[in-house]
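Structure first, then comments.
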Amino acid sequence: MKIVRAAHLGMCFGVRDAIVLAQTQAALQPITILGELVHNEDVLADLKRRGVRVARTPDLVETSVAMITAHGASETLKTQTRGQGLLLVDATCPLVKSAHRALVALVGRGFHPVVIGQREHVEVRGLTGDLEEFDVVLTSEEVRSISIRPRFGVVAQTTQPIERVRSLVEILRETHPQAEVEFVDTVCQPTKLRQKSAQELATDCDVVVVVGGAHSNNTRELVRTCGLRGARVYHVQRADDLQPSWFEGAENVGLTAGTSTPDGLIEGVEAQLKLWSREESLRNNTHTQLAANF
Ligand code: SF4
Numbered sequence: 616m617k618i619v620r621a622a623h624l625g626m627c628f629g630v631r632d633a634i635v636l637a638q639t640q641a642a643l644q645p646i647t648i649l650g651e652l653v654h655n656e657d658v659l660a661d662l663k664r665r666g667v668r669v670a671r672t673p674d675l676v677e678t679s680v681a682m683i684t685a686h687g688a689s690e691t692l693k694t695q696t697r698g699q700g701l702l703l704v705d706a707t708c709p710l711v712k713s714a715h716r717a718l719v720a721l722v723g724r725g726f727h728p729v730v731i732g733q734r735e736h737v738e739v740r741g742l743t744g745d746l747e748e749f750d751v752v753l754t755s756e757e758v759r760s761i762s763i764r765p766r767f768g769v770v771a772q773t774t775q776p777i778e779r780v781r782s783l784v785e786i787l788r789e790t791h792p793q794a795e796v797e798f799v800d801t802v803c804q805p806t807k808l809r810q811k812s813a814q815e816l817a818t819d820c821d822v823v824v825v826v827g828g829a830h831s832n833n834t835r836e837l838v839r840t841c842g843l844r845g846a847r848v849y850h851v852q853r854a855d856d857l858q859p860s861w862f863e864g865a866e867n868v869g870l871t872a873g874t875s876t877p878d879g880l881i882e883g884v885e886a887q888l889k890l891w892s893r894e895e896s897l898r899n900n901t902h903t904q905l906a907a908n909f
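With the first letter of the sequence shown counted as 1, position 191 gets the number 806 in this note's numbering; the numbers rise by one all the way through.
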């Protein structure tokens, strides 16, 4: 059994920088993060040990400093936070900020805003939080149900698979052929690289293990992408979740991970897989030798 790592996997710079910022700030004063900094239990547990608190809304913050996550927030929420007398630390990823700027520019030019993404995801709520009218879509049915407008300005949640986004933009164009549709590709490069690597991995491997938080959107998208390529896919949060029976008869086992997965968890999973791989080789060699001696 050969273990193959995806060419691009694991934590992106946006999440890494946000974690470092939270750790640095927590060492200076008590801070509260507005929402989950990352969708990963181990990272959140580590921050909790460092005294970092989490609150869903600014009115529930009991420290004097509040932090916006890498997913970003609307100007409305930021103003509300400052209005509570809180000092704001902003860990919004620069690529999420680009998506905000793209959407604001489209609206400013008279386009009706359409966001391709998950309606309840914190990043999408941040993108749409200052808008009076907008559509959030994730399926072809949702796109087809958008009311007619003369001009649509489309952006995407940064962690959406680009193939899905392009396909939904095409459906919007087909549904409203008379409308002007301008699409700004806001899917981030780390997501594109992880998605592309996952596709290659799933093509070459019998089994793929995806490491990431149970609630991590981009991890679940990696699972879905690998499944579409025909590989047997298992989503684990850490090495303890692995089961040896998953790998029986597998020749190539692929390993990938979402953008909020810490290196240590990936390494732990890889080490366990390599251990089973060595044990399997040992068993095969012993059988071969016994057969030869018989
Ligand atoms: S997934 Fe992309 S947009 Fe989100 S934090 Fe990472 S680099 Fe930034």
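We put the CB at the ideal spot given by N, CA and C, even for glycine. Fair warning: this is a prediction, and the values are worked out from it, not measured in the lab.
In this structure, does DSSP put residue i in helix, strand or coil?
i: Arg766; result: strand
i: Leu870; result: strand
i: Ala670; result: strand
i: Val658; result: helix
i: Ser812; result: helix
i: Ala886; result: helix
i: Pro859; result: helix
i: Lys902; result: Rather than Lys, the amino acid found at residue 902 in this sequence is His. His902: helix per DSSP, three-state reduction.
i: Arg844; result: coil
i: Arg665; result: coil
i: Ala622; result: coil
i: Gln775; result: coil
i: Gly629; result: helix
i: Thr876; result: coil
i: Pro792; result: coil
i: Ser782; result: helix
i: Ala642; result: helix
Check whether the Cβ of residue i lies closer than 7 Å to any heavy atom of ligand 1, and answer yes or no.
i: Phe628; result: yes
i: Asn833; result: yes
i: Pro776; result: no
i: Thr806; result: yes
i: Val825; result: no
i: Thr874; result: yes
i: Leu710; result: yes
i: Ala794; result: no
i: Leu685; result: This sequence places Ala at residue 685; Leu is not what is there. Flag set: Cβ of Ala685 near ligand 1.
i: Thr579; result: For the chain, the structure presents residues 616 to 909; residue 579 sits outside this window and is missing.
i: Cys803; result: yes
Thinking residue i and residue j are a contact (beta carbons under 8 Å), I'd like their distance in whole angstroms, please.
i: Thr647; j: Thr694; result: That pair is no contact at about 17 Å.
i: Asn655; j: Ser875; result: 5 Å
i: Val730; j: Gln772; result: 7 Å
i: Leu888; j: Ile618; result: 5 Å
Please name the residue or residues paired with residue i in a DSSP beta bridge.
i: Glu797; result: Gly768
i: Ala681; result: Thr647, Leu703
i: Lys617; result: Asn867
i: His850; result: Val825
Item to complete: Please list the segments of the alpha helix (DSSP H) lying wholly inside the region 699-768, counting only runs of 4 or more residues, in order along the chain.
Response: Counting whole runs of 4 or more residues, the region 699-768 contains the alpha helix (DSSP H) stretches 709-723, 737-743, 755-759.
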